[in-house]
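Okay, so here's the structure we're looking at.
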Amino acid sequence: MMTPDQIQEKVKTIIQLPALPSLAFEVAELVDNPKTSAQQLGRLISADQALTGKVLKIANSPFYGFPKKISTIDFAIIVLGFDALKEIVISIALVSSLQKKADNYFNTKVFWDHSIATGVIARRLARDIGYRVTGEVFVGGLLHDMGISVLNKYFNPEFRRIVDITREMGLSFLEAEESVLGVTHAEIGGWLGERWNLPDQLVETIRCHHDPEKAEKNRKLVSIVHCADVFAKRLSEERIEYDGETDFNELALDELQLNDEHLLNQYLEQYSETVKSEMKDSFVVSNLMGF
Ligand SMILES: [Fe+2]
Ligand SMILES: [Fe+2]
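Numbering (this note's numbering), first residue to last: 241 to 531.
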């Protein structure tokens, strides 16, 4: 059994994780600059062939629903817009740096289906309640559980122990994480977000997605991702083993003025259709992950 000090030491090695690929930052910076032209952005992305291929595949997925084939980056920028493109590039960069093969303890497909469903629902929910900044909502949903990938990839023996405890002793995943590591995937994901210099609100969203009441910077964003996470779990055909709870946090519901069972059921029904149609053949997942 590790002592709390040893656990902390071990958790600190998270800081040694690979830095976010710098290209994603360059793209994000160009996109944030109002003077950037489509050509400038196109040139930067086109310089990386693998990235260009992935961006085009995703731009052509049913996810973005554009009726004609998008065959050049310049065209992709024009039809999808800067923000959508930034979202795509950052997602590709983050997701590919946390890849690891599936095994008995970690089902990669279930994990990324859940992450993408949370992103999709978060974006939809944000629109439905009139929250305007939808790009960060999608990325927040996509990345909310990235601490779990970190555990699986960089703390694999501990991750396996946590899963074993959950399976054999009936503890929730969060309780098992606390008992083995003294921290949860939410905190670990938050540390990685800081290490990657993600925007503060995004770090907070990852860190507080199970406890929206702890949010101080942008409780609305955290609440949206928290609720999207719960919706995604309720709508998933497979059990999301490592992220158990399917109860909405009351405070998050209040924050979004969703504290109404009838309304929640209505949303649940609508989102079931959205998720089914947007993820029909897991097109985006397979492209992102190279399955
Ligand atoms: Fe989680
Ligand atoms: Fe989750």
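Virtual Cβ for every residue (Gly too), placed ideally from N, Cα, C.
Three-state secondary structure (DSSP) at residue i?
| i | result |
| --- | --- |
| proline 452 | helix |
| arginine 480 | It is worth fixing the name first, because residue 480 is isoleucine in this sequence and not arginine. Isoleucine 480 falls in the coil class under three-state DSSP. |
| tyrosine 507 | helix |
| glutamine 289 | helix |
| histidine 502 | helix |
| asparagine 392 | helix |
| arginine 447 | helix |
| threonine 486 | coil |
| lysine 275 | coil |
| aspartate 385 | coil |
| leucine 296 | helix |
| leucine 438 | coil |
| leucine 257 | Only weak support exists for where leucine 257 lies, its pLDDT of 48 falling under 50; the value from the coordinates is given anyway. Reduced to three states, the DSSP call for leucine 257 is coil. |
| glycine 530 | Residue placement at glycine 530 is poorly supported in this model, since its pLDDT is 48, which falls under 50; the coordinates are not used for a value here. |
Between which two residues does the alpha helix (DSSP H) containing residue i stretch?
| i | result |
| --- | --- |
| serine 399 | What sits at residue 399 in the sequence shown is phenylalanine, not serine. Phenylalanine 399 -> alpha helix (DSSP H) spans 396–409. |
| histidine 466 | 459–475 |
| glycine 429 | 425–435 |
| arginine 283 | 278–286 |
| serine 419 | 413–421 |
| aspartate 494 | 490–495 |
Heavy atoms of ligand 1 versus C-beta positions, residues under 5 Å: Going by the Cβ distance cut-off, the answer is Asp385, Asp483.
Runs of alpha helix (DSSP H) wholly within the region 299–369 (minimum 4 residues, chain order): 313–337, 348–368
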